[in-house]
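The working numbering runs 1 ahead of the 1-based position in the sequence shown.
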Amino acid sequence: MDFVRDFLYFDQALVAIDGAHVPIAVSAEDTERFRNRKGWISNNVLIASDWQLNVAYIYPGAEGAAHDSMVLARSELLQLTGHGMYVLADAGYALHPKVLTPFRGVRYHLKEFAEGFERPRMAKELFNWRHAKARNAVERLNGCLKRRFKILRVPIECEFTAAKAVIFACVCLHNFIRREASSDLAEDMDEDKDDDTVSATSETLSFDFNTGSQTQCGQSTRSMWEVASW
2 MDFVRDFLYF
12 DQALVAIDGA
22 HVPIAVSAED
32 TERFRNRKGW
42 ISNNVLIASD
52 WQLNVAYIYP
62 GAEGAAHDSM
72 VLARSELLQL
82 TGHGMYVLAD
92 AGYALHPKVL
102 TPFRGVRYHL
112 KEFAEGFERP
122 RMAKELFNWR
132 HAKARNAVER
142 LNGCLKRRFK
152 ILRVPIECEF
162 TAAKAVIFAC
172 VCLHNFIRRE
182 ASSDLAEDMD
192 EDKDDDTVSA
202 TSETLSFDFN
212 TGSQTQCGQS
222 TRSMWEVASW
């Protein structure tokens, strides 16, 4: 993918991020900390995809009950994101100068635009459509990893530290295969739609990284992209 050519309005987007829930076995006393919003026990893994479906960054150390924005705040990803750069994230994350999210209350997911072949009807919808197309890389990567490594689809039965090492190993193997294989077709295999994504129309908890001024700065950045793309 020629990202700059295909998504020129997001040419300063470093990666696309998402929270991936990996099943894990924990002790009885830790069950509630690791129970995710869907009711099953998991490790909430922050994953960042580059535009060639490589894992650019991963933070596997959070409980399933942890909110995606909280997991991002625990990680060092934003500190590693240079000045003027940002990451693409869904509506489950808080808007921030380094985190570009879609507009809420407006169509976002690609399937919403595909139904009835309805094209974006206003600037905010066009922004969301382009944002969703670009951020789709991390959703494809997440599906690719879970298809490629069965251990990421069943409860990992070992100490939490060892479970994190397993996830790191899978990521390293994935990147190695992507680099060395002349034809890596794992991402194109059929898969059931992963519905862990959060709709831009849903009510979600926003974690405040610092102050309201950060959110205001992020809103200004997003509005600038909205006007430019329309």
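All residues carry an ideal CB built from backbone N, CA and C; glycine is no exception. Treat the numbers as computed from the prediction; the structure is a model and nothing was measured.
Taking a C-beta distance under 8 Å as the contact criterion, PRO24 and ILE42 qualify as a contact pair. For HIS132, the closest of GLU158, PRO61, LYS39 and LEU101 by C-alpha to C-alpha distance is LEU101. For GLU140 and LEU153, the gap between their C-alpha atoms comes out near 15 Å. Per DSSP, ASN143 is one residue of the alpha helix (DSSP H) stretching across 124-149. For the options CYS145, LYS99 and ASP91, the alpha carbon positioned closest to that of ARG105 is the one of ASP91. DSSP lists ASN44 as the beta-bridge partner residues of GLU64. Each residue's CA atom was taken as its position, placing LYS165 and GLY62 some 7 Å apart.
If you draw a 10 Å sphere on the C-beta of ALA17, you find 16 or more other C-beta atoms in it, and that means buried. CA-to-CA, the gap between GLY65 and VAL72 works out to about 10 Å.
In this chain, the alpha helix (DSSP H) harbouring ILE178 covers 161-181.
In this structure ILE178 is exposed. Its beta-carbon is surrounded by fewer than 16 other beta-carbon atoms within 10 angstroms. Around the beta carbon of GLU160, fewer than 16 other beta carbons sit within 10 angstroms, so the residue counts as exposed. Under the DSSP assignment, VAL16 falls in the beta strand (DSSP E) whose first and last residues are 14-24. The bridge partners DSSP lists for VAL88 are VAL16 and VAL100. Rounded to whole angstroms, the separation of the alpha carbons of ALA26 and ALA163 is 12 Å. Shown here for PHE35: same chain residues with a beta carbon closer than 6 Å to its own, the five before and five after excluded, namely VAL27, ILE42, GLU64 and GLY65 in chain order.
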